[in-house]
Amino acid sequence: MMDMQNTRETWLSIYQQLEARAKSLHDSQSVAFGILEFYDSLSIEQRAEIHPLLAEWFVSDDSRHRYDAAFLAGERRIRELAPAVEAAIAHLDGVPGPEAQDEIEDLKHTLTDLIGDAYEK
0 MMDMQNTRET WLSIYQQLEA RAKSLHDSQS VAFGILEFYD SLSIEQRAEI
50 HPLLAEWFVS DDSRHRYDAA FLAGERRIRE LAPAVEAAIA HLDGVPGPEA
100 QDEIEDLKHT LTDLIGDAYE K
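Using numbering that gives the first Met the number 0, the first residue of the sequence shown is number 0, and each one after it goes up by one.
As structure tokens, then:
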């Protein structure tokens, strides 16, 4: 069984491999589905070890990381990431431009999926 550091390193390694493959195929969606498949292959304990990394990705300057974290959190209803989604919304709230506003709206939908009607902002 992988320890916490190995789980994180393996996750990042697979993510990099998926990114390289997606770039060569011009298929950015394959990254999201690839990490979803890998996430599903992990044990419950290993998934919990990945959650802090996904929380970091929510407030990353890398829009691809933010997208992939939101995709995974939404697809697998990872409720533990709700505070990270809220942090991402707050982080993007001061960013000018329509892209940031669109991302905020998407994150609000993700948050609603995670915590239900308790989120009404």
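Ideal placement from N, C-alpha and C gives every residue a C-beta, glycine not left out.
So the alpha helix (DSSP H) residue i belongs to, where does it begin and stop?
i              : result
leucine 41     : From DSSP, leucine 41 is part of no alpha helix (DSSP H); its letter is neither H nor E.
isoleucine 114 : 97-114
isoleucine 77  : Where isoleucine 77 is concerned, there is no enclosing alpha helix (DSSP H), given that its DSSP letter is neither H nor E.
Can you list, in chain order, the residues of its chain with a C-beta nearer than 6 angstroms to that of residue i? Leave out the 5 residues immediately preceding and following it.
i             : result
isoleucine 88 : Ile103, Leu106
alanine 83    : Ala54, Phe57
alanine 99    : Leu91
Evaluate residue i with the Cβ neighbour count: other Cβ atoms within 10 Å of its Cβ, from every protein chain shown; 16 or more gives buried, anything less gives exposed.
i             : result
leucine 24    : exposed
isoleucine 43 : exposed
leucine 11    : exposed
methionine 0  : Reliability fails at methionine 0, whose pLDDT of 47 lies under 50, so the model's placement of it is uncertain and no value is given.
glycine 93    : exposed
arginine 78   : exposed
Give a yes or no on whether the C-beta atoms belonging to residue i and residue j are separated by under 8 angstroms.
i            : j           : result
aspartate 60 : alanine 31  : no
leucine 80   : leucine 41  : no
leucine 71   : leucine 35  : yes
glutamate 48 : threonine 6 : yes
serine 133   : alanine 21  : The first residue shown for the chain is 0 and the last is 120, placing residue 133 beyond what the model contains.
Starting from the C-beta of residue i, find all residues in its chain whose C-beta is less than 7 angstroms away, skip the five residues before and the five after it, and write them out in chain order.
i           : result
arginine 76 : Asp112, Leu113
alanine 86  : Phe57, Val58
proline 51  : none
Can you list, in chain order, the residues of its chain with a C-beta nearer than 8 angstroms to that of residue i? Leave out the 5 residues immediately preceding and following it.
i           : result
tyrosine 38 : Arg46, Ile49, Leu71, Arg75
Point to revise | alpha helix (DSSP H) segments (min. 4 residues) lying fully within the stretch 6-73 | key: If we require 4 residues or more, the alpha helix (DSSP H) runs fully inside the stretch 6-73 come out as 28-40, 43-57.
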